[in-house]
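Residue numbers (the working numbering): 1 to 625.
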């Protein structure tokens, strides 16, 4: 019986497999010097030969973004980890029914653990990463180093430590650390996006330029959509040294610009009020627009006659937008407006009933429409009871800002997933739920937040992750009290999972290193204190199964059996599994089934498991842990 690997995917090996599909002669096998294992490897000499017209060798100049630590950051993104996501029922709301996820832990590790289950599934990613202002950097990913180490690694000092360039260039380390933090996370996040998905990233001037460059590399420069300017304050800061900083940016990239389309925004009452119907046209209110332009049009010079008999030619230096034939058709259909007196310059009538269902998003978002930083703080204080004012976050975003972005990036009726892996205090979850309440949507969220300690200790909330859960919980209570029952059951709640070490002992991953003295200790390869539900979620992660599917726990022949989404996956981790139990589970014809490797009542039963499923449920995938 095949065992589950129980670690995140090895993206390097997957990339090599893709190269093999294109250039099968360029992939061979090589022995890993560290472990002795045989793995796929690229024959780069052969690959260079295949790409001889395109290879850039050595120090030749080329346009690209580089920084000290980039290769390590890429290797970090591709390296597998033996970690898992453990369920936390006590911290969750509607654990068994909710479509939403809240993951506590380092977002790089969380992104790796989500690669299988959510590959190409996320419609929109919004993140608000550290702005790199000098005091908010927390994701070091082992890239920390001294100034001397930095200078040596970038070859800016000689063997004796003498600097070869001006001291100010050491400032590059500041930006390099930030790039090494954001780069692997964006690489992994891109894998999760749907082809028609997009990422929205909040940033300020400190790293805007670098963010654009790194996104060009990760998503492709042709997939850049827009830079939004958010007016984040409602009054100038008179304490500013030079200029009052009134805005932040939101950088938008599509995974595939040809597949992604923004959702049109609802028309405002003010916009609709501009449409009038002075001539009582049965097609309803309309707005007129000019039909002449400065662009040359060969058929755009002719004379027209108004209803009053006045003759008019295209104004000097302009041309009619239509040919004479097309103009006459529009006039006959009463789509040309000649003014109240019937002798004005002709204009085209555009009917409200015929224009698009909404308006195209603009790149300037004013605080009156999407909120400001003070509003964001007031929101946070409303939903979280702070014992110490030091813990009120300064960089929080207003939920109206995120609702506006989510309106553009998702559809209301397609179960779109919105992801935020720098969740902070959780405004993205609030925005998703509020928007669903407003438009009847079925959007879902996945939030990830590291349990960063708050500046001052509190009794109820000790970390930013605690703070976020508290906020989301209170938002749910508020929305639940205002909504009908169907909305409450369908959209509210969240399933909490925590990034943790693997449930499996080291011997599971390295059985060849087992010593004779360890045999008694290794009768079971599952760590002490890990529950059957812990094992279930590691199996879901490993098998790439949606982590929000409903889970049913039943007792079958005296054993605990988990049914995930009815028969998407059936799992039993108890000991003493008999052949009768195996046959009963096979009768459910699940897509997948998993057992504990040493959970069978005898070796004979274990050997017969696959044969039983081949007979009773031949399409079931059978594995063990």
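No residue lacks a Cβ here, since even glycine has one placed at the ideal position from N, Cα and C.
All figures in this text were calculated on a predicted structure; none of them were measured in a lab.
Assigned exposure category for residue i - 16 Cβ within 10 Å defines buried
{"i": "residue 469", "result": "buried"}
{"i": "residue 626", "result": "Within the shown structure, residues of the chain are numbered from 1 to 625, placing residue 626 beyond reach of any answer."}
{"i": "residue 542", "result": "buried"}
{"i": "residue 242", "result": "exposed"}
{"i": "residue 63", "result": "exposed"}
{"i": "residue 128", "result": "buried"}
{"i": "residue 416", "result": "buried"}
{"i": "residue 444", "result": "buried"}
{"i": "residue 607", "result": "exposed"}
{"i": "residue 426", "result": "buried"}
Start-to-end residues for the alpha helix (DSSP H) that takes in residue i
{"i": "residue 215", "result": "208 to 219"}
{"i": "residue 403", "result": "399 to 409"}
{"i": "residue 556", "result": "Per DSSP, residue 556 belongs to no alpha helix (DSSP H); it is in the beta strand (DSSP E), 551 to 556."}
{"i": "residue 124", "result": "Note, residue 124: premise wrong, no alpha helix (DSSP H); beta strand (DSSP E) at 122 to 127."}
{"i": "residue 373", "result": "373 to 383"}
{"i": "residue 475", "result": "464 to 482"}
{"i": "residue 433", "result": "427 to 439"}
{"i": "residue 369", "result": "367 to 370"}
{"i": "residue 272", "result": "269 to 273"}
{"i": "residue 326", "result": "324 to 332"}
Where residue i falls: helix, strand or coil (DSSP)
{"i": "residue 543", "result": "helix"}
{"i": "residue 246", "result": "coil"}
{"i": "residue 25", "result": "helix"}
{"i": "residue 178", "result": "helix"}
{"i": "residue 234", "result": "coil"}
{"i": "residue 63", "result": "coil"}
{"i": "residue 609", "result": "helix"}
{"i": "residue 115", "result": "coil"}
{"i": "residue 538", "result": "helix"}
{"i": "residue 193", "result": "strand"}
{"i": "residue 303", "result": "strand"}
{"i": "residue 582", "result": "helix"}
{"i": "residue 453", "result": "strand"}
{"i": "residue 183", "result": "helix"}
{"i": "residue 17", "result": "helix"}
{"i": "residue 575", "result": "coil"}
{"i": "residue 489", "result": "Residue placement at residue 489 cannot be trusted, given a pLDDT of 46 that sits under 50; what the coordinates show is reported in the next sentence. Note: residue 489 maps to helix in three-state DSSP."}
{"i": "residue 76", "result": "helix"}
{"i": "residue 616", "result": "helix"}
{"i": "residue 157", "result": "Residue confidence is low: residue 157 scores 47 on pLDDT, short of 50, so the model does not pin down where it sits. Its coordinate-derived value is still stated next. Three-state DSSP puts residue 157 in a strand."}
{"i": "residue 393", "result": "coil"}
{"i": "residue 108", "result": "helix"}
{"i": "residue 51", "result": "coil"}
{"i": "residue 265", "result": "strand"}
Endpoints, beta strand (DSSP E) assigned at residue i
{"i": "residue 563", "result": "559 to 564"}
{"i": "residue 449", "result": "444 to 449"}
{"i": "residue 312", "result": "311 to 313"}
{"i": "residue 287", "result": "286 to 290"}
{"i": "residue 629", "result": "In the structure as shown, the chain starts at 1 and stops at 625, and residue 629 therefore has no counterpart that could be examined."}
DSSP bridge partner residues for residue i (one or two, in chain order)
{"i": "residue 495", "result": "101"}
{"i": "residue 501", "result": "83"}
{"i": "residue 420", "result": "447"}
{"i": "residue 41", "result": "28"}
{"i": "residue 2", "result": "623"}
{"i": "residue 337", "result": "347"}
{"i": "residue 227", "result": "251"}
{"i": "residue 319", "result": "293"}
{"i": "residue 592", "result": "621"}
{"i": "residue 276", "result": "286"}
{"i": "residue 569", "result": "564"}
{"i": "residue 199", "result": "125, 253"}
{"i": "residue 355", "result": "In the DSSP output, where bridge partners are listed per residue, residue 355 has none listed."}
{"i": "residue 188", "result": "DSSP output for residue 188 lists no bridge partner at all."}
Neighbour flag for residue i against chain D, beta carbons, 8 Å
{"i": "residue 213", "result": "Judged by its chain identifiers, the structure shown contains no chain D, having just a single protein chain."}
heavy atom of the ligand SAH below 7 Å from residue i C-beta
{"i": "residue 369", "result": "This structure does not include the ligand SAH; it has no bound ligands of any sort."}
The stretch 205 to 218 in contact with the stretch 342 to 350 per 3-pair CB rule at 8 Å: no
Inter-stretch contact (C-beta, 8 Å, three-pair minimum) for the stretch 84 to 97 and the stretch 538 to 555: yes
Touching by the beta-carbon criterion (3+ pairs, under 8 Å), the stretch 62 to 77 and the stretch 183 to 194: yes
The stretch 116 to 128 in contact with the stretch 193 to 201 per 3-pair CB rule at 8 Å: yes
Cβ contact (3+ pairs, closer than 8 Å) linking the stretch 521 to 536 and the stretch 101 to 115: no
Three-pair Cβ contact test at 8 Å for the stretch 402 to 410 versus the stretch 372 to 381: no
Cβ contact (3+ pairs, closer than 8 Å) linking the stretch 565 to 578 and the stretch 533 to 541: yes
Three CB pairs or more closer than 8 Å across the stretch 277 to 285 and the stretch 312 to 331: no
The stretch 42 to 50 / the stretch 8 to 25 touching (three or more Cβ pairs under 8 Å): yes
At least 3 beta-carbon pairs within less than 8 Å: the stretch 243 to 252 vs the stretch 219 to 235: yes
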